[in-house]
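Q: Numbering (our numbering), first residue to last: 790 to 1103. Just so it is clear, CB atoms sit at the ideal spot from N, CA and C, and this is done for glycine as well. Note that the coordinates shown come from a computational prediction; the quantities given were computed from them, not determined experimentally. Shown below is the structure under consideration.
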Amino acid sequence: MSSSSLCCAEMALGRLPGFLPKSGPALVLERLSQMPRLVAVTPASRLEVRPAPEMVSIGIRELDSLTGGLPRGCLTEICGPASSGRTSVLLAALAAATRREESCALVDASDALDPASAAASGIEFGRLLWVRCGGADVGPQPSAVSPRPSAFRHQNSPSGFDPPGARPERRSPGSAFPVEQALRVTDLLLQSGGFGMVAVDLGDVPFRIARRIPLTSWFRFQRAVERTPTVLLAITQAPCTQSCAALSLKLRSSAIGRNSSGKLSAIGSQLSACSHTHLFEGLKIEGEILRSRLERKPPQSVRTGFMTKAMSAG
790 MSSSSLCCAE
800 MALGRLPGFL
810 PKSGPALVLE
820 RLSQMPRLVA
830 VTPASRLEVR
840 PAPEMVSIGI
850 RELDSLTGGL
860 PRGCLTEICG
870 PASSGRTSVL
880 LAALAAATRR
890 EESCALVDAS
900 DALDPASAAA
910 SGIEFGRLLW
920 VRCGGADVGP
930 QPSAVSPRPS
940 AFRHQNSPSG
950 FDPPGARPER
960 RSPGSAFPVE
970 QALRVTDLLL
980 QSGGFGMVAV
990 DLGDVPFRIA
1000 RRIPLTSWFR
1010 FQRAVERTPT
1020 VLLAITQAPC
1030 TQSCAALSLK
1040 LRSSAIGRNS
1050 SGKLSAIGSQ
1060 LSACSHTHLF
1070 EGLKIEGEIL
1080 RSRLERKPPQ
1090 SVRTGFMTKA
1100 MSAG
């Protein structure tokens, strides 16, 4: 076939004869440069880095120095077994938020909040919406809320053991019902907006139930709070939110009654006559960062510690 016939064939197909002499990478690059869809493609070197979220104080100096605070527009998970200090951190965070004159919401899945302890921590109840789950009348379920009640009843119990300190699962048929209420209420609060902090307390929920919460629910909460000034805080016995949490913090504790040298403290020395008694003065709390997407991951786990004092002794 002659070159003239090739040109005629190309013109019949709507192609220009000028492309014929080119082949290989030169031809590919020229054709790609003429595609209109690639005009809006930004080179990787010119991509904008998402700004770091605003951080607010947790209310505990040691944790603020460890994590930088709680990020707005993100999901933060604080986990730990019973008596690990998770409730103390929750109350401190709510107290700090109310001191900033922000409206806060606490979704209490187990109705475990002690108003006296909350008042002693400095929480202003006039700025706190306390949602106590577990009642019979929950109203209509939003169609977009996940998960549905069947998400708990039809899933098999996952294999494995509960984490140390986890409370045993109750075998009653409605044991997962308060969790379903908590998820629905959390979704409504995040969709409505206007809160500086929304805290979901699942600390007293059996771990076998909390771990059945679908990951899509946490992802929905994470997307709902994104680009908003709201701090979303989840309190659990063990990590449940997985990759949806921008910050995951694990707590553990040990009782204190003697100092590091083994001697009784100033208060404990007053009761030294009773050698068989031990005075509980507070807890030594240790915090460890399990996951943080706020900055580059450190080469090893970052930990800190702080002390709590008993409200009354004797």
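1. With burial defined as no fewer than 16 other Cβ atoms inside 10 Å of the residue's Cβ, what is the status of Val817: buried or exposed?
2. Are the beta-carbon atoms belonging to Leu1036 and Ser1081 less than 8 Å from one another?
3. For a test of the three-state rule: what should DSSP assign to Gly915, helix, strand or coil?
4. To which residues of the same chain is Ala907 closer than 7 Å at the C-beta, ignoring the five residues directly before and after it?
5. Could you spell out where the beta strand (DSSP E) holding Thr865 opens and where it closes?
6. Flag this pair as touching only if the region 902-920 and the region 996-1008 have three or more C-beta atom pairs under 8 Å; answer yes or no.
7. Any idea what DSSP makes of Thr1005, helix, strand or coil?
8. Rank Gln1026, Ala965, Leu895 by C-alpha distance to the C-alpha of Val974 and give the top, closest one.
9. How many angstroms separate the CA atom of Thr1019 from the CA atom of Leu1072?
10. Looking at the secondary structure, which residues open and close the alpha helix (DSSP H) in which Ile1024 lies?
11. My output table needs one value for Arg875: the three-state DSSP class, helix, strand or coil.
12. Thinking just about the alpha-carbon of each residue, which of Arg921, Val987, Arg875, Leu978 is nearest to the one in Phe966?
13. Compare the C-alpha of Glu969 against each of Arg1041, Arg1001, Leu855 and name the closest.
14. Is it true that the region 836-854 meets the region 875-890, where meeting means three or more beta-carbon pairs spaced less than 8 Å apart?
15. Go through its chain and collect everything with a Cβ distance to Met986's Cβ below 6 Å, but skip five positions before and after it.
16. Looking at the structure shown, is Cys1033 part of a helix, part of a strand, or coil, going by DSSP?
17. Buried or exposed for Ala841, going by 16 or more other Cβ atoms inside 10 Å?
18. Inspect the beta-carbon positions of Gly862 and Met844 and report whether they are closer than 8 Å.
19. Could you pull the DSSP bridge partners for Val920 from this structure?
20. Which first and last residues belong to the beta strand (DSSP E) in which Ala988 is found?
21. Going by DSSP, what residue range makes up the alpha helix (DSSP H) through Ile998?
22. For Val994, is the beta carbon positioned less than 7 Å from some heavy atom of the ligand GDP?
23. Going by DSSP, what residue range makes up the alpha helix (DSSP H) through Leu979?
24. Identify whether Pro840 lies in helix, strand or coil by the three-state DSSP scheme.
25. Please state the DSSP three-state secondary structure of Ala859.
26. Could you tell me whether the Cβ atoms of Ala735 and Asp993 are closer together than 8 Å?
A: On the basis of the coordinates in this document:
1. Looking up residue 817 in the sequence shown gives position 28. The residue is exposed, with fewer than 16 neighbouring Cβ atoms inside 10 Å.
2. Sequence index remark: in the sequence shown, residue 1036 carries index 247 (1-based). Sequence index remark: in the sequence shown, residue 1081 carries index 292 (1-based). A contact, by the Cβ cut-off of 8 Å.
3. Along the sequence shown, one-based indexing puts residue 915 at 126. Of the three classes helix, strand and coil, the one that applies to Gly915 here is helix, per DSSP.
4. The residue you call residue 907 lines up with position 118 of the sequence shown. Excluding positions up to five away in sequence, the list reads Leu880.
5. For the purposes of this step, residue 865 is identified with residue 76 of the sequence shown, where counting begins at 1. Note, Thr865: beta strand (DSSP E), 864-868.
6. no
7. Stepping through the sequence shown from its first residue, residue 1005 is reached at position 216. Note: Thr1005 maps to helix in three-state DSSP.
8. Mapped onto the sequence shown, residue 974 falls at position 185. Minimum Cα distance to Val974 is reached at Leu895.
9. Position 230 of the sequence shown, counted from the start, is the residue given in the question as residue 1019. Position 283 of the sequence shown, counted from the start, is the residue given in the question as residue 1072. So the two alpha carbons sit approximately 30 Å from each other.
10. Your numbering for residue 1024 matches position 235 in the sequence shown. Here Ile1024 belongs to no alpha helix (DSSP H); instead the beta strand (DSSP E) covers 1020-1025.
11. As a first step, residue 875 must be located in the sequence shown, where it is residue number 86. Three-state DSSP puts Arg875 in a helix.
12. Looking up residue 966 in the sequence shown gives position 177. Among Arg921, Val987, Arg875, Leu978, the Cα nearest to that of Phe966 is on Arg921.
13. Reading the sequence shown from its first residue, position 180 is the one you call residue 969. The shortest Cα separation from Glu969 among Arg1041, Arg1001, Leu855 belongs to Arg1001.
14. yes
15. Residue 986 sits at position 197 when you count from the first residue of the sequence shown. So the list reads Ala886, Cys893, Val1020, once near-sequence residues are dropped.
16. Taking the sequence shown and counting its residues from 1, one reaches residue 1033 at position 244. Of the three classes helix, strand and coil, the one that applies to Cys1033 here is helix, per DSSP.
17. Reading the sequence shown from its first residue, position 52 is the one you call residue 841. Exposed, by the Cβ-count rule.
18. The residue labelled residue 862 in the question sits at position 73 within the sequence shown. The residue labelled residue 844 in the question sits at position 55 within the sequence shown. No, the pair does not count as a contact, with Cβ atoms beyond the cut-off.
19. Position 131 of the sequence shown, counted from the first residue, corresponds to residue 920. Per DSSP, Val896.
20. Taking the first residue of the sequence shown as 1, we reach residue 988 at position 199. Residues 986-990.
21. Locating residue 998 in the sequence shown gives position 209, where the first residue counts as 1. Here the alpha helix (DSSP H) through Ile998 covers 996-999.
22. Looking at this structure, you won't find the ligand GDP or any other ligand, since it has none at all.
23. The residue given as residue 979 occupies position 190 in the sequence shown. Looking at the DSSP string, the run of the alpha helix (DSSP H) that includes Leu979 is 966-981.
24. Along the sequence shown, read from residue 1 onward, the residue named residue 840 stands at position 51. Residue state, collapsed to three classes: coil.
25. Mapped onto the sequence shown, residue 859 falls at position 70. Note on residue identity: the sequence assigns Leu, not Ala, to residue 859. Strand, per DSSP.
26. Here the chain has residues from 790 to 1103 only, and residue 735 is not among them.
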